[in-house]
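Asks: Going by the numbering used here, the first residue of the sequence shown is number 126, and it counts up by one from there.
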Amino acid sequence: MLQLAYISTSRRPVDQELLDDILAVSRRNNERCGVTGLLVSGGKRFLQVLEGPDQAVLATYARIQNDPRHFAFVALVTRPIEARAFGDWSMAYHEGGAAADGDLIAVVEELTANIADPNLRAQFGGFARLHSKAA
Ligand SMILES: Cc1cc2nc3c(=O)[nH]c(=O)nc-3n(C[C@H](O)[C@H](O)[C@H](O)COP(=O)(O)O)c2cc1C
Numbered sequence: 126m127l128q129l130a131y132i133s134t135s136r137r138p139v140d141q142e143l144l145d146d147i148l149a150v151s152r153r154n155n156e157r158c159g160v161t162g163l164l165v166s167g168g169k170r171f172l173q174v175l176e177g178p179d180q181a182v183l184a185t186y187a188r189i190q191n192d193p194r195h196f197a198f199v200a201l202v203t204r205p206i207e208a209r210a211f212g213d214w215s216m217a218y219h220e221g222g223a224a225a226d227g228d229l230i231a232v233v234e235e236l237t238a239n240i241a242d243p244n245l246r247a248q249f250g251g252f253a254r255l256h257s258k259a260a
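As structure tokens, then:
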């Protein structure tokens, strides 16, 4: 199994209509191919984690990257995993803080500041640090 996390920037401010559309399509497709994960959005940013069978995750990410509604993708992590960390939902959603521009660690911190679960927040911080080590 693969875990993949990225951030991207929306072409327009994210509103409920856009989110409803993304989540409905995601839940339908992801359920079919065994992908689970979490989407966080704040201001014009998205942060998403995808988990599942390698090919399903890669094919889903390829489709997502081709979506003209967002751009400026930064892959935070792509790694093999034994067990899912975000396995409860075909695509869970969390409203994030409005992340200003800054370095990646600051953006991820601001985006995830509203998340009450400290373990979950730490996990996102870990993604950002992993990325900055890889860069
Ligand atoms: C931020 C964001 C996250 C998305 N996440 C997913 C996802 O997890 N799974 C998915 O199938 N599509 C996702 N999409 C939608 C895809 O980009 C694409 O529109 C969709 O997969 C096309 O599906 P369809 O061919 O069934 O219409 C996402 C789009 C955006 C903008």
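Every residue gets a Cβ at the ideal spot worked out from N, C-alpha and C, and that includes glycine.
1. The alpha helix (DSSP H) spanning residue 259 covers which residue range?
2. Whole angstroms is fine: what's the gap from residue 209's alpha carbon to residue 129's?
3. Would you check whether ligand 1 has a heavy atom nearer than 7 Å to the C-beta of residue 185?
4. Determine the extent of the alpha helix (DSSP H) in which residue 215 is found, giving its start and end residues.
5. Can at least three beta-carbon pairs, one atom from the segment 235-245 and one from the segment 185-200, be found at a separation below 8 Å?
6. Tell me whether residue 132 is buried or exposed, calling it buried when 16 or more other Cβ atoms sit within 10 Å of its Cβ.
7. When burial is assigned at 16 or more other CB atoms within 10 Å of the CB, is residue 170 buried or exposed?
8. Does the Cβ of residue 133 lie closer than 7 Å to at least one heavy atom of ligand 2?
9. What is the rounded straight-line gap between the Cα of residue 196 and the Cα of residue 137?
10. Distance check for residue 229 and residue 257, CA to CA, integer angstroms please.
11. Of all the options 247, 202, 194, which has the alpha carbon lying nearest to the alpha carbon of residue 182?
12. Report the CB separation of residue 162 from residue 175 in whole angstroms; it is logged as a contact under 8 Å.
Replies: A quick look at the data gives this:
1. Here the alpha helix (DSSP H) through residue 259 covers 243-259.
2. Answer to the nearest angstrom: the Cα atoms are 11 Å apart.
3. Because some heavy atom of ligand 1 lies under 7 Å away, the Cβ of residue 185 counts as near it: yes.
4. Neither: residue 215 is in no alpha helix (DSSP H) and is coded neither H nor E.
5. Per the Cβ contact rule, the segment 235-245 is not in contact with the segment 185-200 (fewer than 3 Cβ pairs under 8 Å).
6. Buried, since its Cβ has 16 or more Cβ neighbours within 10 Å.
7. Here residue 170 is buried: its Cβ has 16 or more other Cβ atoms, across all protein chains shown, within 10 Å.
8. What this structure holds is ligand 1, not ligand 2.
9. Each residue's CA atom was taken as its position, placing residue 196 and residue 137 some 11 Å apart.
10. CA-CA distance, residue 257 to residue 229, rounds to 8 Å.
11. Nearest of 247, 202, 194 to residue 182, Cα basis: 202.
12. About 5 Å separates the two Cβ atoms, so the contact holds.
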